[in-house]
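J.: The structure under discussion is supplied below as structure tokens; questions concerning it will follow.
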Amino acid sequence: VAGTDASVAIVYLVGVSAVHLVFITPLLGLAHLTGFETAVLPQVGRNLVGVLLTAVIAFFVNGLWILVLMLGSPVVLSCAFGLAIPLSLGFDMCFHHVQINFEQVLGHLMVIGAFGLLTMFPETAVKHGKDAADLDA
């Protein structure tokens, strides 16, 4: 590992995954064997696809979170956390047919717009005391 931000992020992401496989998976098996928590895979193909899709999405979300932490500013990270609210509402609208009013739509669009403005101008981002222009050098 050369020590660049991207290589450190990948090593960290793989490390987190390895810790989950080595420590968390056996704990889940133990919980199942003791009857504390029953582990059951979905029997319907559609549900199994949903579980696998959720796992893949979670993997990429964790990877993006690490990259934002390492390559972005803390302001962008906190704004990205705010994106969880409109995204959750969007999923609720698609899958649970939740109806929202105009004011709610406007509020969520403002959150998305704020994130867009913060990420649109990378020259305003600060990383390790350097301007974004210095990051390209």
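According to this note's numbering, the stretch in the sequence shown is residues 28 to 164, in order.
Ideal placement from N, C-alpha and C gives every residue a C-beta, glycine not left out.
Computed from a predicted model, the values in this text were never measured in an experiment.
(1) So within the stretch 49–77, which uninterrupted alpha helix (DSSP H) runs reach at least 4 residues, ignoring any that extend past its ends?
(2) Do you know offhand how far A29's Cα is from L40's?
(3) Take the Cβ of G156 as the centre, count every other Cβ of all protein chains shown within 10 Å, and call the residue buried at 16 or more, exposed below.
(4) Using alpha carbons as the reference points, say which of F63, V78 and E64 lies closest to Q70.
(5) Between V43, L144 and V49, which lies nearest to W92 when the distance is taken from Cα to Cα?
(6) Do V138 and P113 count as a contact pair if the criterion is CB distance below 8 Å?
(7) L75 and L68 look like a contact to me (Cβ under 8 Å); what is the Cβ gap, rounded to whole Å?
(8) How big is the Cα-Cα spacing for P53 and V46?
(9) Measuring only the C-alpha atoms, how far is F86 from L80?
(10) Should A66 be counted as a contact of the ligand GDP given a C-beta to heavy atom distance under 7 Å?
T.: Concretely, from the data shown:
(1) 52–61
(2) Low local confidence applies: a pLDDT of 46 at A29 is under 50, so the model's placement there is unreliable, with the coordinate-based value given in what follows. Near 16 Å, if we compare the C-alpha coordinates of L40 and A29.
(3) For G156, the pLDDT reaches just 48, beneath the cut-off of 50, and the residue's location in the model is therefore unreliable, leaving the point undetermined.
(4) V78
(5) V43
(6) yes
(7) 7 Å
(8) 11 Å
(9) 10 Å
(10) With respect to the ligand GDP, the structure shown offers nothing to examine, as it has no ligands at all.
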